[in-house]
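**Q** Before I ask anything, here is the structure I am working with.
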Amino acid sequence: MQCEKVLVVPRARIADYLAPCRKGLISDADAVAGILSALYSDAFFLSRPVAERDPAFKQIIPYVTVCRHDLILLIRRKKKQTEQRLHELYSIGQGGHINPLLGYGGAELIRAELERELLEEIALGPADYRLTAGGIINDDDTEVGSVHLGLWYRAEAAEGGFRTNEPDKIEGAWVTRREVLEKYATLETWSQIVADSFLREEVPCPGKTD
Numbered sequence: 168m169q170c171e172k173v174l175v176v177p178r179a180r181i182a183d184y185l186a187p188c189r190k191g192l193i194s195d196a197d198a199v200a201g202i203l204s205a206l207y208s209d210a211f212f213l214s215r216p217v218a219e220r221d222p223a224f225k226q227i228i229p230y231v232t233v234c235r236h237d238l239i240l241l242i243r244r245k246k247k248q249t250e251q252r253l254h255e256l257y258s259i260g261q262g263g264h265i266n267p268l269l270g271y272g273g274a275e276l277i278r279a280e281l282e283r284e285l286l287e288e289i290a291l292g293p294a295d296y297r298l299t300a301g302g303i304i305n306d307d308d309t310e311v312g313s314v315h316l317g318l319w320y321r322a323e324a325a326e327g328g329f330r331t332n333e334p335d336k337i338e339g340a341w342v343t344r345r346e347v348l349e350k351y352a353t354l355e356t357w358s359q360i361v362a363d364s365f366l367r368e369e370v371p372c373p374g375k376t377d
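Basically our numbering = 1-based index in the sequence shown + 167.
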């Protein structure tokens with residue numbers, strides 16, 4: 168069986184940008200630009216089993232919070248979901264590893280893989296949402312977090328909602344900010360980081376009007 172290859176960036180190339188934020192959302196424009204520049208110039212594909220064990224590399228994960236006006240898409244990952252570490256946890260982010268895609272590289276590859284994940288998990292195609300970059304998620308306080316780096320985006324979904332393509336693995340619903348925060352203790356770690364920066368500070372979803 169062919170081993171999965173995932174996109175990684177050497178930690179050494181972005182260590183200075185990560186140092187001030189061991190766990191949290193990096194939103195400083197210069198830091199985000201520096202990380203993305205390193206990613207576009209030095210990222211490469213590595214065997215996933217190797218990447219999962221070696222904190223010298225950060226696996227790049229696009230992570231998208233889907234909004235619809237004042238509501239947020241809250242997902243619960245069931246026990247049949249592939250990643251056991253996320254079983255029965257709630258999430259306000261959709262995403263996954265970036266694999267090789269013929270003819271794509273850099274920002275185009277990231278966008279293509281992000282779109283694929285949204286289409287596969289919740290049946291949202293590119294025409295169904297408007298995407299806004301939000302920052303970089305880092306968590307060097309945990310073993311899992313130390314080998315992953317999140318590219319966080321907010322997506323404002325068009326009317327009509329979503330559909331879970333794998334209802335045996337995930338279920339979802341539109342909920343209010345308050346309802347998300349009520350689930351805070353059972354949110355996966357990255358969703359807690361997003362909630363701390365996005366919900367508690369009352370940053371509006373893209374497209375919201377006062």
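Each residue gets a CB set at the ideal place from its N, CA and C atoms; glycine is no exception.
Using DSSP with H/G/I as helix, E/B as strand and the rest coil, what is residue 265?
**A** Residue state, collapsed to three classes: coil.
**Q** Report the rounded CA-to-CA distance for residue 398 versus residue 212, giving the unit in angstroms.
**A** This structure leaves residue 398 out entirely; the chain is present only between 168 and 377.
**Q** Taking 8 Å as the cut-off, does the stretch 279-291 touch the stretch 190-207 (at least 3 CB pairs, one atom from each stretch)?
**A** No contact exists between the stretch 190-207 and the stretch 279-291.
**Q** Alpha carbon to alpha carbon, how far is residue 240 from residue 346?
**A** The alpha-carbon atoms of residue 240 and residue 346 are separated by roughly 11 Å.
**Q** Relative to the C-alpha of residue 352, which residue among 363, 343, 342 is closest?
**A** Comparing Cα-Cα distances from residue 352 to each of 363, 343, 342, the minimum goes to 363.
**Q** For a test of the three-state rule: what should DSSP assign to residue 176, helix, strand or coil?
**A** If DSSP states are grouped into helix, strand and coil, residue 176 belongs with the strands.
**Q** If contacts are defined as beta-carbon pairs under 8 Å, then residue 244 and residue 303 qualify, I think. What distance do you get, rounded to the angstrom?
**A** Not quite, the Cβ-Cβ distance comes to about 23 Å (not below 8 Å), so this is no contact.
**Q** What span of residues does the alpha helix (DSSP H) with residue 207 cover, start to end?
**A** Taken as a continuous stretch (DSSP letters only), the alpha helix (DSSP H) holding residue 207 covers 196-209.
**Q** By Cβ distance, which residues of its chain are closer than 6 Å to residue 318, with the 5 residues on each side in sequence left out?
**A** 229, listed in sequence order.
**Q** Tell me whether residue 332 is buried or exposed, calling it buried when 16 or more other Cβ atoms sit within 10 Å of its Cβ.
**A** Counting Cβ neighbours within 10 Å, residue 332 comes out exposed, since fewer than 16 surround it.
**Q** Kindly identify the DSSP beta-bridge partner or partners of residue 277.
**A** Partner(s): none; residue 277 has no beta bridge.
**Q** Just to confirm before moving on: does the CB-CB distance between residue 330 and residue 234 stay below 9 Å?
**A** It is not a contact, given that the beta carbons lie outside the stated cut-off.
**Q** Give me the residue from 224, 339, 274, 208 with the minimum Cα distance to residue 316.
**A** Ranking 224, 339, 274, 208 by Cα distance to residue 316 puts 224 first.
**Q** What first and last residue would you give for the alpha helix (DSSP H) that runs through residue 361?
**A** 356-361 is the span of the alpha helix (DSSP H), which, as asked, contains residue 361.
**Q** Report the option in 196, 257, 219, 207 whose CA atom is closest to the CA atom of residue 339.
**A** Residue 257 is the option with its Cα nearest to residue 339.
**Q** Could you tell me whether the Cβ of residue 197 comes closer than 9 Å to any Cβ of chain C?
**A** Absence of chain C from the displayed structure is noted, only one protein chain being present.
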